[in-house]
Amino acid sequence: DVKVTQSSRYLVKRTGEKVFLECVQDMDHENMFWYRQDPGLGLRLIYFSYDVKMKEKGDIPEGYSVSREKKERFSLILESASTNQTSMYLCASSFWADTDTQYFGPGTRLTVL
Amino acid sequence: SQQGEEDPQALSIQEGENATMNCSYKTSINNLQWYRQNSGRGLVHLILIRSNEREKHSGRLRVTLDTSKKSSSLLITASRAADTASYFCATDASNYGQNFVFGPGTRLSVLP
Numbered sequence: 009d010v011k012v013t014q015s016s017r018y019l020v021k022r023t024g025e026k027v028f029l030e031c032v033q034d035m036d037h038e039n040m041f042w043y044r045q046d047p048g049l050g051l052r053l054i055y056f057s058y059d060v061k062m063k064e065k066g067d068i069p070e071g072y073s074v075s076r077e078k079k080e081r082f083s084l085i086l087e088s089a090s091t092n093q094t095s096m097y098l099c100a101s102s103f104w105a106d107t108d109t110q111y112f113g114p115g116t117r118l119t120v121l
Numbered sequence: 112s113q114q115g116e117e118d119p120q121a122l123s124i125q126e127g128e129n130a131t132m133n134c135s136y137k138t139s140i141n142n143l144q145w146y147r148q149n150s151g152r153g154l155v156h157l158i159l160i161r162s163n164e165r166e167k168h169s170g171r172l173r174v175t176l177d178t179s180k181k182s183s184s185l186l187i188t189a190s191r192a193a194d195t196a197s198y199f200c201a202t203d204a205s206n207y208g209q210n211f212v213f214g215p216g217t218r219l220s221v222l223p
């Protein structure tokens, strides 16, 4: 079974802090994604990566950056957290030969005070 | 940009009844998928239907796609309390699956 794990289920940070959200997948997937999920808005794509050191902006990249130094790990970075970044963050991965199916991690609920 | 919109936003039914959720989108797509999310959890892929398909079945799930109306429906037959979850449609118009667009979801409650 594909396993996508995220470093924290719940996280509370203060405004202005630098925040790292980690995602690891164990199926050697090429593609990895970061979404945020907000009530009434569904999932919105922040960034994705289709290879090590490669990254592409999604629909809402402002205020975020990412890092993919190893194939299995995709990090989302909030350089200076703000209260409007309070949200559920979901990581996903997919195989290059089966991009139709994304496998999701359990999510990190981030609260910025 | 294209966007999936589920309808209704919330649905409450009795165990054993069928549940139907709808999804509409705005632009041409390569495929449409349905995902399920239990409260506070990640999303689980349920079923995919391609743009050249009209209907697909998987167990108690039936998905239809009408590209002329840019809409899809998900039918869950003989619902169970364990089906209680949020259901999302995701449309994909990209070449490499890199641009799924998710709707806001339908919250399904199946009462025992």
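Residue numbers (our numbering), protein chains in the order written: chain A, 9 to 121; chain B, 112 to 223. Where is the CB? At the ideal position from N, CA and C, for every residue including glycine.
Where the beta strand (DSSP E) containing residue i begins and where it ends
{"i": "threonine 13 (chain A)", "result": "12 to 14"}
{"i": "leucine 98 (chain A)", "result": "95 to 103"}
{"i": "glutamine 45 (chain A)", "result": "39 to 46"}
{"i": "methionine 132 (chain B)", "result": "130 to 135"}
{"i": "threonine 217 (chain B)", "result": "217 to 222"}
{"i": "aspartate 118 (chain B)", "result": "116 to 118"}
{"i": "leucine 29 (chain A)", "result": "27 to 33"}
{"i": "isoleucine 158 (chain B)", "result": "154 to 161"}
{"i": "tyrosine 55 (chain A)", "result": "50 to 57"}
{"i": "serine 179 (chain B)", "result": "Neither: serine 179 (chain B) is in no beta strand (DSSP E) and is coded neither H nor E."}
Test: residue i CB closer than 9 Å to a CB of chain A
{"i": "proline 215 (chain B)", "result": "yes"}
{"i": "serine 112 (chain B)", "result": "At serine 112 (chain B) the pLDDT is 37, less than 50, meaning the model places this residue with poor confidence; the figure from the coordinates comes in the next sentence. So, interface residue."}
{"i": "leucine 130 (chain B)", "result": "Correcting the residue type first, residue 130 (chain B) is alanine in the shown sequence and not leucine. Not one chain A Cβ lies under 9 Å of alanine 130 (chain B)."}
{"i": "arginine 152 (chain B)", "result": "yes"}
{"i": "alanine 204 (chain B)", "result": "no"}
{"i": "asparagine 133 (chain B)", "result": "no"}
{"i": "alanine 121 (chain B)", "result": "no"}
CB contact below 9 Å: residue i versus chain B
{"i": "leucine 84 (chain A)", "result": "no"}
{"i": "aspartate 108 (chain A)", "result": "yes"}
{"i": "tyrosine 72 (chain A)", "result": "no"}
{"i": "proline 47 (chain A)", "result": "yes"}
{"i": "valine 12 (chain A)", "result": "yes"}
{"i": "arginine 117 (chain A)", "result": "yes"}
{"i": "arginine 52 (chain A)", "result": "yes"}
{"i": "leucine 19 (chain A)", "result": "no"}
Which residues DSSP lists as bridging residue i, in chain order
{"i": "lysine 78 (chain A)", "result": "A:Arg81"}
{"i": "isoleucine 187 (chain B)", "result": "B:Ala130, B:Leu172"}
{"i": "tyrosine 198 (chain B)", "result": "B:Arg147, B:Thr217"}
{"i": "serine 73 (chain A)", "result": "A:Ile85"}
{"i": "arginine 117 (chain A)", "result": "A:Tyr18, A:Met96"}
{"i": "glutamate 166 (chain B)", "result": "B:Thr175"}
Top-ranked residue by Cα proximity to residue i, from the options
{"i": "alanine 201 (chain B)", "options": "B:Asn163, B:Gly216, B:Arg191, B:Val212", "result": "B:Val212"}
{"i": "methionine 125 (chain A)", "options": "A:Thr119, A:Asp108, A:Arg81", "result": "Here chain A comprises residues numbered 9 to 121, so residue 125 (chain A) is not present and cannot be evaluated."}
beta-carbon residue i near the ligand SAH non-hydrogen atom, thresh 8 Å
{"i": "tyrosine 198 (chain B)", "result": "Questions concerning the ligand SAH fall outside what the structure shown contains, since it holds no ligand whatsoever."}
Of the residues that make up the segment 152 to 166 of chain B, which ones have a beta carbon closer than 9 Å to any beta carbon in chain D? Given the protein chain composition of this structure (A and B), no chain D is represented.
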